[in-house]
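This report concerns only the one structure given below.
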Amino acid sequence: MGGGAAAAACAVSDLAFSATDEDEKGKPVRHLLLTVTNTGDKKCNLYAYPYLRFPYARAPTAVIKDTKDTHATPAPGGKAYAALLAGGGHMDPYDTDTIPLSLQSPDPGSKPGEPANVSLPGQVSFDDGARVTYWLT
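Numbering (our numbering), first residue to last: 8 to 144.
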């Protein structure tokens, strides 16, 4: 990072979260763009991908592996993004207007912290085909 101190991991408390519908107007919400804005006063690292685990789900939402990056480092006021596909598997449907999004640490396989409940643009139907990308800037 060019001579300065390395950025610490982002904390939920230093971020603002939003989710926007990326589908054609009038169509069911299936494609979402998750956006985090760094509201803190220092750069911070977002590692891997948003960890999404719905209540009663058998497993966390799967990640789209070919979007892998090392991490995103938004500066104060900066943003990072992840795309979220709500479904396609048609099993275990779950309708909700919020998603529990946890941030991951730099250690793969470590337990994510407490989730932020991110409001969705209305009621969205998720199922076992849901997928999320890695964080991107």
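Idealized CB from N, CA, C, for every residue including glycine.
Could you pull out every residue in the same chain whose Cβ sits closer than 6 Å to the Cβ of residue i, ignoring the five residues on either side in sequence?
i	result
Arg60	Pro67
Tyr101	Phe61 and Phe133
Gly85	Asn45
Ala69	Arg138
Ile71	Arg138 and Thr140
Please report the distance separating the alpha-carbon of residue i from that of residue j.
i	j	result
Ser112	Lys50	15 Å
Ala90	Ala14	24 Å
Lys34	Asp28	10 Å
Thr4	Ala87	This structure cannot speak to residue 4, because the chain is shown only from 8 to 144.
Pro128	Asp114	32 Å
Lys118	Tyr58	10 Å
Thr74	Pro107	21 Å
Phe24	Ala16	16 Å
Pro122	Thr144	21 Å
Thr103	His97	15 Å
Val43	Thr105	15 Å
Leu22	Glu31	28 Å
Leaving out the 5 sequence neighbours to the left and right, which residues in its chain are closer than 8 Å to residue i when beta-carbon positions are compared?
i	result
Ala93	Val36, Arg37, His38, Leu39, Val131, Ser132, Phe133, Asp134 and Ala137
Ala82	Asn45 and Lys50
Arg65	Asp99 and Asp135
Asp76	Tyr141, Trp142 and Leu143
List the whole-angstrom C-beta distance separating residue i from residue j, where the pair is believed to meet the contact cut-off of C-beta under 8 Å.
i	j	result
Val125	Ala26	5 Å
Tyr63	Tyr141	Rounded, the Cβ-Cβ distance is 26 Å, inconsistent with contact.
Leu53	His78	6 Å
Gly120	Ser109	6 Å
Once the 5 residues before and after residue i are set aside, which same chain residues still bring their CB inside 7 Å of it?
i	result
Ser20	none
Asp48	Pro83
Could you tell me which residues DSSP puts in a beta bridge with residue i?
i	result
Gln111	Tyr54
Lys86	Thr44
Phe24	Val43
Thr103	Val131
Ser126	Thr105
Ala64	DSSP output for Ala64 lists no bridge partner at all.
Pro38	Per the sequence shown, the amino acid found at residue 38 is His instead of Pro. Paired residues: Leu92.
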